[in-house]
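Participant:
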Amino acid sequence: SQQGEEDPQALSIQEGENATMNCSYKTSINNLQWYRQNSGRGLVHLILIRSNEREKHSGRLRVTLDTSKKSSSLLITASRAADTASYFCATERGAGSYQLTFGKGTKLSVIP
Amino acid sequence: KAGVTQTPRYLIKTRGQQVTLSCSPISGHRSVSWYQQTPGQGLQFLFEYFSETQRNKGNFPGRFSGRQFSNSRSEMNVSTLELGDSALYLCASSLAGGGADTQYFGPGTRLTVL
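Chains B and C, in that order, give the protein sequences. Under the working numbering, the first residue of the first sequence carries the number 1, and numbering increases by one thereafter. Under the working numbering, the first residue of the second sequence carries the number 1001, and numbering increases by one thereafter.
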């Protein structure tokens, strides 16, 4: 079963706009990670946020984490056509399980 | 530093056959994880190895097995292939494994079972 659930499932925006994707999870976590996947390829790690952090930035990416609501959001500012990809959040199913559980992802399309 | 490599990149097999997929982690990484990705089920954890030991296994039948060698390279094997095994198989390597560690993914092996 999926630990994380992203929404929306698909998002289409114009180049230059901001894109916001949300992730909800079910159990307590130590960390939450966001990954990007270009069509049919491997996943690229974007950012890791720890459970004691509320917000983290990396370039045009901003991630927030609300452990009380068991949710996270990924904001991509000033989107580019190259940002077109699927975005997944991932959590570890229990400390020491070494198992990442992924949501079904948000498919982002950035129209030039 | 070279990334995670997976071979082969594409594979076509028929039902009942078996297949072996290979993953070479980033140099120095001792943890290798395997995931299956399908349109219906998404990304699902298969197993994780660290220093040749399997530390966790996902909810897959015994037809799915894996191993890790002393150089941290890993293989996974699927026996008696079924149509539903058609998927993108991804491996990821990291220093220590788990959610506290950035997982570096390979490009995947696309397996098609006819």
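For each residue, glycine too, the CB sits at the ideal point set by N, CA and C.
Under 8 angstroms, do S1093/C and L1111/C count as touching if we go by C-beta distance?
Facilitator: Residue mapping note: residue 1093/C aligns to position 93 of the second sequence, counting from 1. Residue mapping note: residue 1111/C aligns to position 111 of the second sequence, counting from 1. Contact: no.
Participant: Against chain B, which members of the stretch 1088–1101 of chain C pass a CB distance test of less than 8 angstroms?
Facilitator: Here the close residues are L1088, L1090, A1092, G1097, G1098, G1099, A1100.
Participant: Kindly identify the DSSP beta-bridge partner or partners of V1019/C.
Facilitator: If you number the second sequence from 1, residue 1019/C lands on position 19. Answer is V1078/C, bridged to V1019/C.
Participant: Would you list the residues sitting across from Y1104/C in a DSSP beta bridge?
Facilitator: Position 104 of the second sequence, counting from 1, holds the residue named residue 1104/C. Y1104/C is bridged to S1093/C.
Participant: In chain order, what residues of the stretch 51–79 of chain B put their CB closer than 7 angstroms to some CB of chain C?
Facilitator: Going along the stretch 51–79 of chain B in chain order, one finds no residue with a Cβ nearer than 7 angstroms to chain C.
Participant: Using a beta-carbon distance below 8 angstroms, is S1060/C in contact with chain B?
Facilitator: The residue labelled residue 1060/C in the question sits at position 60 within the second sequence. Going by the sequence as given, residue 1060/C is Phe instead of Ser. By this cut-off, F1060/C is not an interface position.
Participant: Looking at chain C, which residues of the stretch 20–41 of chain B have a Cβ within less than 9 angstroms of any of its Cβ atoms?
Facilitator: The residues in question are I29, N30, N31, L32, Q33, Y35, Q37, G40, R41.
Participant: Determine the burial state of F130/B: buried for a count of at least 16 other Cβ atoms within 10 Å of its Cβ, exposed for fewer.
Facilitator: The first residue shown for chain B is 1 and the last is 112, placing residue 130/B beyond what the model contains.
Participant: Relative to the C-alpha of R36/B, which candidate in I111/B, S71/B, K104/B has its C-alpha closest?
Facilitator: Position 36 of the first sequence, counted from the first residue, corresponds to residue 36/B. Ranking I111/B, S71/B, K104/B by Cα distance to R36/B puts K104/B first.
Participant: What is the DSSP secondary structure of L1083/C, reduced to helix, strand or coil?
Facilitator: As a working note, residue 1083/C is residue 83 in the second sequence. DSSP places L1083/C in helix when its eight states are reduced to three.
Participant: Taking the CB atoms as reference points, tell me whether G171/B and G1099/C lie closer together than 8 angstroms.
Facilitator: Because chain B here runs from 1 to 112, residue 171/B falls outside it and cannot be looked at.
Participant: So, under 8 angstroms CB-CB, I47/B and V63/B are touching, yes? Tell me the CB distance rounded to an integer number of Å.
Facilitator: One-based indexing of the first sequence puts residue 47/B at position 47. One-based indexing of the first sequence puts residue 63/B at position 63. Right, their Cβ atoms sit about 5 angstroms apart.
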